[in-house]
Each structure stands twice: as C-alpha cells, then as structure tokens.
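Peer 1: Here you go, one structure.
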Amino acid sequence: MRLSVRQRPLRAGRLLLASLALLTAAALTGCGTRSSSGAAEAVTSAKPAPPSGGRQAVVTVGYQSPTAQTWGALIIKNRGLYEKHLKELAPSDQVEVKWFDATAGSILNNQMVGGKIQLSFLGDMPSLLNGVMGITQANYRSVFLAFDGKGALGRNQAIIVPKGSPVKRVEDLAGQTVSTPIGSSSHRMLLDTLKQHDLVDKVKIVDQSVTVGMQSIEQNKVAAHSTWEPYPSLIAHKEIGTVLQPGEATKIDYLAGVVANRDWAEENRTYAVAFLRALVEAHQFAREHPEETAKIFEAESKFPPEVCRKMVENIRFDAAVYKKDLETLNGSIQFLSSLGKLEKKLELGSFVDESYLREAAKSLSRPYLTDSEQAGSWLQGKEL
113 MRLSVRQRPL
123 RAGRLLLASL
133 ALLTAAALTG
143 CGTRSSSGAA
153 EAVTSAKPAP
163 PSGGRQAVVT
173 VGYQSPTAQT
183 WGALIIKNRG
193 LYEKHLKELA
203 PSDQVEVKWF
213 DATAGSILNN
223 QMVGGKIQLS
233 FLGDMPSLLN
243 GVMGITQANY
253 RSVFLAFDGK
263 GALGRNQAII
273 VPKGSPVKRV
283 EDLAGQTVST
293 PIGSSSHRML
303 LDTLKQHDLV
313 DKVKIVDQSV
323 TVGMQSIEQN
333 KVAAHSTWEP
343 YPSLIAHKEI
353 GTVLQPGEAT
363 KIDYLAGVVA
373 NRDWAEENRT
383 YAVAFLRALV
393 EAHQFAREHP
403 EETAKIFEAE
413 SKFPPEVCRK
423 MVENIRFDAA
433 VYKKDLETLN
443 GSIQFLSSLG
453 KLEKKLELGS
463 FVDESYLREA
473 AKSLSRPYLT
483 DSEQAGSWLQ
493 GKEL
C-alpha cells in the first residue's frame with residue numbers, strides 16, 4: 113500500500129513564479145497532517161503484528177520533486193517498486209510505504225532527525241549535513257546508502273541570467289549581484305566559477321531560494337542566479353532567461369544520494385536492502401525506457417515534457433559508489449566547513465556504508481564494481 117505525504121510550497125507571483133508555484137503545488141499536493149511549521153507530518157508509529165505472524169510496519173520515504181537529480185524516487189513511487197521488492201524479501205510482512213515530498217533537503221533532514229522519515233533522497237550538501245546531524249544529535253544516527261542522480265563535471269547546474277541581459281560573459285558579473293541558496297551545491301559551483309575568473313571579491317552573493325531566485329531573474333532584480341535542474345531548463349523553455357555558464361565549466365561532479373536513519377536500517381536491514389533493489393531497478397528502467405521515464409517525471413513532478421525529456425538524457429542514474437564520488441563529497445565537506453555550516457567534522461568512512469547496496473546488487477545477480485573499477489572513472493554499462 114502506498115500513500116503520499118507532501119509539503120505545500122509558498123505562493124509565488126507573476127509569470128515564472130506563477131508557473132513554478134503551479135508546477136510545485138501540483139507535485140506537492142497530497143494527504144497528511146501538518147505541523148506548526150507547515151510541513152506535513154508522516155505517521156510512523158508501530159502497529160500490532162498481523163494475524164499471519166509477520167510484521168506490520170510503516171516506512172516513510174522523503175524526496176524532492178523540484179530537484180531533478182533525486183528523480184529516481186519518482187520512478188520508484190510511480191511504479192510501486194519498493195512495495196514490489198518488500199513483498200519479495202519480506203513476503204509475510206505487511207509494510208505500508210508513505211512518501212513525503214518537500215521543497216528542500218533541510219525539511220527532509222529535520223523530519224529524519226524527528227523520527228518521521230526513515231529514508232530520504234538528498235542532494236550532496238543536505239546529505240552531508242544529515243551525516244553531521246547523525247553525530248551531533250542525541251537521538252539520531254545517519255548512514256549514506258547509495259547515490260541516485262549524478263551530473264558529470266557539474267552537469268545539471270547552471271548560472272542563469274534574465275532574458276535580454278547585458279551580461280554575456282562571466283566576466284560581466286564584476287560589480288553585480290548574484291543570488292543562490294547559500295550552502296548548496298549551486299553555491300559551491302558559483303564560487304568555483306568566480307574563482308576561475310578571479311571574481312570572488314568582485315561579485316556580491318546573496319542568499320535566495322530557488323523560487324525567489326527565479327522571481328529575481330524574471331524581474332531583473334539580480335544579474336544572475338546559480339541553481340540546479342530542472343530550473344535552468346525550465347527558465348529557458350519559458351524564454352524568461354538564458355544560461356550564462358553551465359556547471360560543467362567547474363569540472364566538479366554534482367551528486368545526489370539516499371540517506372537513511374542508521375538505527376532503522378540496522379534494525380530493518382531487509383527493508384533497507386529491498387529499497388536499494390527498487391532503486392537499482394528504477395535506474396535500469398530509466399536507461400532502458402527513456403520515453404516512459406520522461407512521462408513518469410512529467411506526471412510526478414508536473415514539469416513540462418520537454419524539460420523532463422532533457423532530464424532523462426542528462427542525468428546519470430547510478431547508485432554505485434566510486435572513489436571519485438567520495439573525493440567529490442570530501443570537497444563538499446571542505447566547502448561547508450569553510451562556511452561554518454558543519455558543527456563537527458564528518459568522516460565519510462563512517463558515514464558511507466556500501467554493504468547494503470552490495471547485498472542488494474548480489475541478490476539481483478548484478479555485479480558490483482571491482483576494486484580497480486571503483487578506483488577509476490564512471491563506467492558505461494556498469495551502472496546500478
């Protein structure tokens with residue numbers, strides 16, 4: 113059985129913001145109770161065992177329909193893949209799967225620390241912040257299980273400018289104001305871009321959410337906004353802005369992954385492995401059925417079909433953990449530390465646990481990476 117529990121976004125104004133609000137509202141409308149902060153609360157209380165003698169449980173999965181590189185979740189949800197693999201691995205159990213849609217990773221992190229969500233699809237920075245929460249919060253431990261979407265060299269991020277902007281080159285940003293969500297992957301991408309052009313001290317960076325940043329672009333309130341997909345493609349599709357600089361210019365991979373409550377995963381290993389089996393199947397589906405995947409993305413996210421097709425083409429859906437991925441995350445840890453965002457140093461060796469993914473792959477008769485493959489570049493044909 114699958115239920116959806118989602119967060120309602122803030123209302124936006126004018127052309128692009130109205131479009132964004134409609135898209136996000138359509139994607140985030142659903143059932144569930146609400147907390148005082150406005151976020152929906154997922155019910156995760158234990159239930160008595162069913163008469164069959166198996167267990168009865170509720171698992172809540174957090175995801176972000178406005179963040180394209182976490183859209184592996186949309187395939188799992190739409191096709192009921194988690195339920196499928198739960199039935200295969202725990203046939204006697206009655207497990208209810210709930211889905212919690214949020215506009216930001218910080219919301220999912222708070223819900224996880226509060227014990228309301230067991231698994232979440234998160235971008236690289238929220239994943240690392242979740243990991244730090246796992247070593248600083250009294251009653252919460254965290255574990256990174258696998259990757260979801262990957263953007264080679266920074267793909268699926270971009271610096272965008274308003275339509276008709278006089279800013280034609282990155283150098284033209286000197287003396288201008290650029291917005292981005294501070295502490296995000298797009299913030300790191302922006303800083304790396306500015307460093308390449310010796311502009312770090314010549315550009316004013318302001319903290320704006322994606323929604324506010326899009327409004328600022330539409331209304332020419334900032335010279336540029338640094339963000340992630342599907343927003344660069346959406347704003348270009350609506351002819352409200354253009355891409356000034358793609359994220360690939362930084363040559364730093366953009367990553368998203370799956371984080372779990374460690375206590376839950378250890379106590380419910382079968383459920384965690386079933387989820388990763390579903391993730392691997394979802395990724396395979398995206399590779400083998402791109403047109404159907406684009407339709408799922410459109411149905412679940414409410415973004416235009418042209419944008420969704422582009423996401424299928426540009427995102428590498430691959431759960432496997434490469435050494436280069438860990439190096440990218442370590443770079444992000446350094447970035448967050450430089451901003452004072454980390455309360456405590458996070459050791460990836462303790463945070464990342466591949467054993468769940470390896471077990472899932474083995475149970476599906478899917479070969480995992482060899483040591484030499486894991487130490488190299490991403491391989492085509494070896495995606496999980």
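Residue numbers for the sequence shown follow this note's numbering, so the first one is 113 and each next one is one higher. Idealized CB from N, CA, C, for every residue including glycine.
(1) What's the gap between the Cα of Ser254 and the Cα of Gly261?
(2) As a quick exercise: from Ala348, Gly295, His349 and Ala335, pick the residue whose alpha carbon is nearest that of Leu241.
(3) List the residues that DSSP assigns as beta-bridge partners of Phe397.
(4) So, using beta-carbon positions, are Gly217 and Gln269 closer together than 8 Å?
(5) Do you know how far the Cα of Asp304 is from the Cα of Glu360?
(6) What residue does the beta strand (DSSP E) around Ser338 start on, and which one ends it?
(7) Which whole runs of the beta strand (DSSP E) in the region 280-348 are 3 residues long or more, in chain order?
(8) Distance, Cα to Cα, Ser477 vs Leu496?
(9) Whose C-alpha, out of Lys407, Asn380 and Val370, is nearest the C-alpha of Val392?
(10) I believe Glu283 touches His309 by the beta-carbon criterion, under 8 Å. Please report the beta-carbon distance rounded to the nearest angstrom.
(11) Under 8 Å, with one C-beta from each stretch per pair, do the region 363-381 and the region 310-327 reach the 3-pair mark?
(12) Buried or exposed, going by whether 16 or more other CB atoms sit within 10 Å of the CB of Asn74?
(13) Within 10 Å of its beta-carbon, does Glu341 have 16 or more other beta-carbons around it, so buried, or fewer, so exposed?
(14) Alpha carbon to alpha carbon, how far is Ala432 from Arg281?
(15) Inspect the beta-carbon positions of Leu234 and Phe387 and report whether they are closer than 8 Å.
(16) Grouping DSSP H, G and I as helix and E and B as strand, with all else coil, what is Lys262?
(17) Taking the beta strand (DSSP E) that Val209 belongs to, which residues open and close that run?
(18) If I follow the unbroken beta strand (DSSP E) through Leu234, where does it start and stop?
(19) Where in the region 440-483 do unbroken runs of the alpha helix (DSSP H), each at least 4 residues long, occur, reported from the N-terminal end onward?
(20) CA-CA distance, Val424 and Ala406?
(21) Taking Gly184 as part of the beta strand (DSSP E), name the residues at either end of that continuous run.
(22) Does the beta-carbon of Glu412 have 16 or more other beta-carbons within 10 angstroms, so that it is buried, or is it exposed?
(23) Which residue marks the beginning of the beta strand (DSSP E) containing Ile272, and which one marks its end?
(24) Looking at Leu257 and Ala394, is the spacing between their C-beta atoms short of 8 Å?
(25) Measuring CA to CA, which of Gln396, Leu220, Pro238 and Thr182 is closest to Leu454?
Peer 2: Reading it off the structure:
(1) Position 142 of the sequence shown, counted from the first residue, corresponds to residue 254. Position 149 of the sequence shown, counted from the first residue, corresponds to residue 261. Their backbone Cα atoms lie some 20 Å apart in a straight line.
(2) If you number the sequence shown from 1, residue 241 lands on position 129. Nearest option by C-alpha distance: Gly295.
(3) As a first step, residue 397 is located in the sequence shown; it is residue number 285 there, counting from the start. For Phe397, which the question treats as bridged, DSSP gives no partner whatsoever.
(4) Here residue 217 refers to the residue found at position 105 of the sequence shown. Here residue 269 refers to the residue found at position 157 of the sequence shown. Not closer than 8 Å, so no.
(5) The residue you call residue 360 lines up with position 248 of the sequence shown. The residue you call residue 304 lines up with position 192 of the sequence shown. Between Glu360 and Asp304, the C-alpha separation is close to 11 Å.
(6) Here residue 338 corresponds to residue number 226 of the sequence shown, with the count starting at 1. Here the beta strand (DSSP E) through Ser338 covers Ala336 to Trp340.
(7) 289-292, 316-319 and 336-340
(8) As a working mapping, residue 477 is identified with position 365 in the sequence shown. As a working mapping, residue 496 is identified with position 384 in the sequence shown. One C-alpha to the other measures close to 11 Å.
(9) Sequence index remark: in the sequence shown, residue 392 carries index 280 (1-based). The residue with the shortest Cα to Cα distance from Val392 is Val370.
(10) Residue mapping note: residue 283 aligns to position 171 of the sequence shown, counting from 1. Residue mapping note: residue 309 aligns to position 197 of the sequence shown, counting from 1. Glu283 to His309, Cβ: 6 Å. Contact.
(11) no
(12) Given that the chain is displayed from residue 113 to residue 496, the structure contains no residue 74 and the question cannot be resolved.
(13) Numbered from 1 along the sequence shown, position 229 holds the residue referred to as residue 341. That one is buried.
(14) Translated into the one-based positions of the sequence shown, residue 432 becomes position 320. Translated into the one-based positions of the sequence shown, residue 281 becomes position 169. Their backbone Cα atoms lie some 36 Å apart in a straight line.
(15) Residue numbering aside, residue 234 sits at position 122 when the sequence shown is read from its first letter. Residue numbering aside, residue 387 sits at position 275 when the sequence shown is read from its first letter. No, they are not a contact pair.
(16) Start at 1 with the first residue of the sequence shown, and residue 262 comes out as number 150. Reduced to three states, the DSSP call for Lys262 is strand.
(17) For this step, residue 209 is matched to residue 97 along the sequence shown. It spans Gln206 to Asp213 - the beta strand (DSSP E) in which Val209 sits, taken as one unbroken run.
(18) The residue given as residue 234 occupies position 122 in the sequence shown. Per DSSP, Leu234 belongs to the beta strand (DSSP E) from Leu231 to Gly235.
(19) Listed in chain order, they are 460-463 and 467-475.
(20) By one-based count along the sequence shown, residue 424 stands at place 312. By one-based count along the sequence shown, residue 406 stands at place 294. For Val424 and Ala406, the distance between alpha carbons rounds to 6 Å.
(21) Taking the sequence shown and counting its residues from 1, one reaches residue 184 at position 72. Not the beta strand (DSSP E): Gly184 falls in the alpha helix (DSSP H), residues Gly184 to Arg191.
(22) Indexing the sequence shown from 1 puts residue 412 at position 300. Classification of Glu412: buried, given that the 10 Å Cβ count is 16 or more.
(23) Here residue 272 refers to the residue found at position 160 when the sequence shown is read from its first residue. Note, Ile272: beta strand (DSSP E), Gln269 to Pro274.
(24) Within the sequence shown, numbered from 1, the residue matching residue 394 stands at position 282. Within the sequence shown, numbered from 1, the residue matching residue 257 stands at position 145. Their beta carbons are not under 8 Å apart, which means Ala394 does not touch Leu257 by this criterion.
(25) Residue 454 sits at position 342 when you count from the first residue of the sequence shown. Leu454 has its Cα closest to that of Pro238, out of Gln396, Leu220, Pro238 and Thr182.
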